[in-house]
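Take the sequence shown: its position 25, counted from the start at 1, is 302 in our numbering, and no numbers get skipped.
Beneath this line is the structure, given in structure tokens, with notes to follow.
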Amino acid sequence: MHVFIYSNSSIASLTFKKLVVSLSQRGNTIVNQDLIAGDAHKEAITTTQRYERTMSALKKADIGIFASLEPSFYDGYFLSLVLSRAIPCIICSNATVATDTFSGCTNPLCYYRSYRDLKDLIYQLAVFGV
């Protein structure tokens, strides 16, 4: 399966990295490996390059993992791109975002999920896979 992963920088943690490794080991392909929060900051790329890489990755994805604890304009921007591609999210089962991209994901189960709960969920995904 081709997986698109999105997180904001607050969960670009060891747990999230373990999820990436686990998904890869189970034969899944992470289509935006070079854009995952934390990795992209090491490379100086422009907003246009990030957009182009994101769109290219989204075209290849079958499913998405969207983990954004504090929705911001940046998160809303990428979730809007995802919505335009209609890739389902395995955390909230859809990719519903507000029409105002400043709102981020409007699914209350994702929006209000605590950091600990989200880390536990990501860990379960890493253990049991997609």
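We treat Cβ as the ideally placed atom computed from N, Cα and C, and that holds for glycine.
Bear in mind the structure is a predicted one, so any value in this text is a computation, not a measurement.
Other residues of its chain near residue i: CB distance less than 8 Å, five sequence neighbours each side excluded
i, result
"ALA334", "PHE281, VAL308, ASN309 and LEU312"
"VAL297", "ILE282, ILE307, GLN310 and ILE313"
Residue i to residue j span [Cα, whole Å]
i, j, result
"SER299", "THR325", "30 Å"
"TYR328", "LYS295", "25 Å"
"SER301", "ASP339", "14 Å"
Close-in-space but distant-in-sequence residues of the same chain around residue i (CB under 6 Å, 5 per side omitted)
i, result
"HIS279", "THR306, VAL308, LYS337, ALA338 and ASP339"
Spatial neighbours of residue i in its chain, beta-carbon cut-off 7 Å, leaving aside the 5 residues before and after
i, result
"THR323", "none"
Boundaries (first-last residue) of the alpha helix (DSSP H) holding residue i
i, result
"ARG330", "324-337"
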